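Below: the structure, in structure tokens.
Residue numbers (full-length UniProt numbering): 1 to 329.
The following block contains the structure:
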């Protein structure tokens, strides 16, 4: 009987291991495509957590179901179970193994975070500490098969872009060409250095496809670096609640070849700066216009509390064409 139980649990442990490895591989598909070198670090860490979490879950639920099916009491058996003394080795094992897992995962998480070195607002509170004054950068992935790619990315010249966040718009300034835009354009496989600034409150610079988020703190300039590796169009979102219209504070991120990027810069530099369409300013003006004339049609803002007026639409060289959309009837 004991031999059967041992064999059954051994086979189950093997199956649970394969299931955990399969889940760890599947975890990569749950995120948007990896569009930056740094996203590899986050996806690897998440895959590790998913695999171990699956194994722990199956390791708990499997023996539980096995005991429920094969070791349940007989019908009408109300007697007490056998008296079992504690086992010192078993208690040591189930204390040491979780402790080792927690310490191992903590080390892996810290190592990943240390490589990315994403600076947060608490570090800005302690600006008197010299070691906290380093730029916030994210290292490219460092797996052995991709070492040559990593070296190439690190040696590529930096693109400098100033990012200005405000209620509620993103403005991107390219100082070398003196070009401003409400759409972020990046060259593929080129290191990009951002200088993040906020004109009012706390904002969050978050691009899900890049797996990176950086707080943008008022009255501070924050350095931030990344390397786009996949051509395409992605989405930048404000991850912080920055006021009434913060959900409208989004922008497209266009990663393109170096030649296309240089052509876009040249075309944008030739355009005369003009006011860009801004969703927050549009909705605010329309809501107040309807309120002033007593109309409730096309009312888009919930009234009942004081609403902060959005900043004026930014004046830029380039802005994507957007048409105002009326809410559904």
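Even glycine gets a Cβ: it sits at the ideal position worked out from N, Cα and C.
The structure displayed is predicted, hence computed values, not measured ones.
Taking the alpha helix (DSSP H) that residue i belongs to, which residues open and close that run?
| i | result |
| --- | --- |
| residue 67 | 39–70 |
| residue 8 | 2–26 |
| residue 260 | 258–269 |
Report all residues from its chain with a CB closer than 8 Å to the CB of residue i; omit the five preceding and five following residues, and keep chain order.
| i | result |
| --- | --- |
| residue 313 | 169, 275, 276, 277, 278 and 281 |
How about residue i and residue j: do their beta carbons lie closer than 9 Å?
| i | j | result |
| --- | --- | --- |
| residue 16 | residue 55 | yes |
| residue 24 | residue 66 | no |
| residue 255 | residue 158 | no |
| residue 234 | residue 253 | yes |
| residue 269 | residue 160 | no |
Over what stretch of residues does the beta strand (DSSP E) that includes residue i continue unbroken?
| i | result |
| --- | --- |
| residue 212 | 212–216 |
| residue 234 | 232–238 |
| residue 321 | No beta strand (DSSP E) contains residue 321, which DSSP labels as neither H nor E. |
| residue 160 | 159–166 |
| residue 342 | Absent from the model: residue 342. The displayed extent of the chain is 1 to 329, so no value can be given. |
| residue 193 | 192–198 |
| residue 246 | Premise fails: residue 246 is in no beta strand (DSSP E) and is neither H nor E. |
Does residue i pass the burial test, meaning 16 or more other C-beta atoms within 10 Å, or should it be called exposed?
| i | result |
| --- | --- |
| residue 242 | buried |
| residue 247 | exposed |
| residue 26 | exposed |
| residue 85 | exposed |
| residue 131 | Any reading at residue 131 must be qualified, since the residue scores a pLDDT of 39, below 50, and its modelled position is unreliable; no value is offered. |
| residue 214 | buried |
| residue 51 | buried |
| residue 321 | exposed |
| residue 238 | buried |
| residue 100 | exposed |
If I measure Cβ to Cβ from residue i and keep anything under 7 Å in the same chain, skipping five residues before and after, which residues do I get?
| i | result |
| --- | --- |
| residue 96 | none |
| residue 45 | 108, 109 and 112 |
| residue 271 | 317 and 318 |
| residue 71 | none |
| residue 251 | 170, 182, 183, 184 and 236 |
Within its chain, find whatever has a CB closer than 6 Å to the CB of residue i; leave out the 5 residues flanking it on each side and keep chain order.
| i | result |
| --- | --- |
| residue 173 | 162 and 180 |
| residue 164 | 171 and 197 |
| residue 166 | 199, 200 and 311 |
| residue 194 | 161, 163 and 224 |
Exercise for the section: Decide if the stretch 33–48 is in contact with the stretch 219–231; the criterion is three or more beta carbon pairs, one per stretch, under 8 Å apart. Expected result: yes
Practice task
Evaluate contact between the stretch 249–266 and the stretch 175–190, counting only Cβ atoms and requiring at least three cross-stretch pairs below 8 Å.
Solution key: yes
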